[in-house]
Amino acid sequence: MSIIVKLMNFNIRNKFLLLSAMYALLGLLGLLLLSFSWLPPGNAIVGHDSGLPLDANEFL
Numbered sequence: 027m028s029i030i031v032k033l034m035n036f037n038i039r040n041k042f043l044l045l046s047a048m049y050a051l052l053g054l055l056g057l058l059l060l061s062f063s064w065l066p067p068g069n070a071i072v073g074h075d076s077g078l079p080l081d082a083n084e085f086l
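Following our numbering, the numbering of the sequence shown begins with 27 at its first residue and continues without gaps.
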């Protein structure tokens, strides 16, 4: 059986869950590939979003 025939035999809930997972994975992969294509060589994707500077000694 082909993949399309197998997908047609799923019920609506299974199709929705499968397509949602595929959409999320494809979107994340696309964002990762775009990020790597836009970044200069040697840079990395990192983040720091606590609202504090990286060298903060006090949390006040």
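Ideal Cβ placement from N, Cα and C applies to all residues, glycine included. Quick caveat: nothing in here was measured; it's all calculated off a predicted structure.
Reduced DSSP category for residue i - H, G, I as helix; E, B as strand; rest coil
i, result
"Ser28", "coil"
"Gly68", "coil"
Beta-carbon gap between residue i and residue j smaller than 9 Å
i, j, result
"Ile71", "Ser63", "no"
Proximal residues to residue i (C-beta, below 8 Å), its chain only, five neighbours per side dropped
i, result
"Ile30", "none"
Proximal residues to residue i (C-beta, below 6 Å), its chain only, five neighbours per side dropped
i, result
"Ser46", "none"
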